[in-house]
Amino acid sequence: METDGEEKKKLWQKWQFWVGIVVLLASMGAGWIASIGFYSLFPGSMPASLREKGTENTQVIRSMQRTKEVSLLRLGVTGIISKENKSHFFNMEIPGTERARFIQYTFDAKLGFEGKDVVIKKTDGNTFDVTIPEFKFIGYDHPEYRVIVEQNGMLSFGTQQIDSLDMVNNILTDKAKKEYVDSNRDILEEQAKSFYTSIVQSVSPDTKLNFTFQQAEGD
Numbered sequence: 030m031e032t033d034g035e036e037k038k039k040l041w042q043k044w045q046f047w048v049g050i051v052v053l054l055a056s057m058g059a060g061w062i063a064s065i066g067f068y069s070l071f072p073g074s075m076p077a078s079l080r081e082k083g084t085e086n087t088q089v090i091r092s093m094q095r096t097k098e099v100s101l102l103r104l105g106v107t108g109i110i111s112k113e114n115k116s117h118f119f120n121m122e123i124p125g126t127e128r129a130r131f132i133q134y135t136f137d138a139k140l141g142f143e144g145k146d147v148v149i150k151k152t153d154g155n156t157f158d159v160t161i162p163e164f165k166f167i168g169y170d171h172p173e174y175r176v177i178v179e180q181n182g183m184l185s186f187g188t189q190q191i192d193s194l195d196m197v198n199n200i201l202t203d204k205a206k207k208e209y210v211d212s213n214r215d216i217l218e219e220q221a222k223s224f225y226t227s228i229v230q231s232v233s234p235d236t237k238l239n240f241t242f243q244q245a246e247g248d
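With the numbering used here applied, the sequence shown closes on residue 248, and no number is skipped along the way.
Right under this line is the structure:
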């Protein structure tokens, strides 16, 4: 039979055991909460085990600007651009030194005009004169580029390398942008008329609009 002292001793040991468990769990919980708070303030310091596996995305918005450009036409453009380099000796091409690269590209070109530059004046009755500013190349979406052919001659090690980025940058020159606009001017004018007419006549069906289209000097 256990004495009163032995029974009190066992109860004391059990009490110490459970108190230790509670303290341990409390300290672990506090440490976890503190770490979550720290990583929420400094997410870059979060260890890999706490990040979503295979996912890491960092974005910074540097600036924001409101625009009032009106996009009237979207062109799906596909083409191939090529470039060739050769080595020369006293203005004579050296056989076997040629380098050539062909890049296929696709993008959606957007054509339109600057909406804030449109001038609308009332003439008489329900008639208004609408002056549309010069059409322009607004921008492009969904660009894709890939090298489809690359040729290097046996002696091309001494020939200047072809820079793909430089080739891509030469696709949308000012001249090319102007050609996109000029070749689609009739469609752009019809789209501009339709755009403003549908807006005005939805409010006042009897209103008449007369359109004038500005063009760059020399066109």
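Glycine included, C-beta positions come from ideal geometry on N, C-alpha and C.
Specify, as a first and last residue, the run of the alpha helix (DSSP H) that residue i falls within.
| i | result |
| --- | --- |
| K222 | R214 to V232 |
Provide the residue span of the beta strand (DSSP E) that contains residue i, from first to last.
| i | result |
| --- | --- |
| L101 | E98 to N114 |
| F240 | K237 to F242 |
Which residue wins for smallest C-alpha separation from residue i, given the options the options?
| i | options | result |
| --- | --- | --- |
| V176 | E122, L194, T188 and F166 | L194 |
| N114 | F224, E179, F142 and G144 | E179 |
| F240 | P162, Y209, Q190 and N199 | P162 |
| G187 | E98, I109, T107 and S116 | S116 |
| V106 | K112, I191 and T135 | T135 |
| E219 | F242, Q230, D137 and A205 | F242 |
| A245 | M121, F142 and F224 | F142 |
| N199 | I132, F119 and D235 | I132 |
| A138 | E122, K204, S111 and Y209 | Y209 |
| G108 | P234, M196 and T236 | M196 |
| K145 | K204, K222 and E98 | E98 |
| Q190 | F164, K222, D203 and R130 | R130 |
From the DSSP secondary-structure annotation, give me the bridge partner or partners of residue i.
| i | result |
| --- | --- |
| F118 | M121 |
Please give me, in chain order, every unbroken run of the beta strand (DSSP E) with length at least 3 that falls completely inside the segment 128 to 196. 128 to 143, 148 to 151, 156 to 161 and 165 to 181
Taking contact to mean 3 or more Cβ pairs, one atom from each stretch, closer than 8 Å, check whether the segment 146 to 155 and the segment 171 to 190 are in contact. no
Kindly confirm or deny that the segment 212 to 228 and the segment 102 to 116 touch, where touching means at least three C-beta pairs closer than 8 Å. yes
Count the C-beta pairs between the segment 121 to 129 and the segment 156 to 165 that are closer than 8 Å, then say yes if the count reaches three, no if not. no
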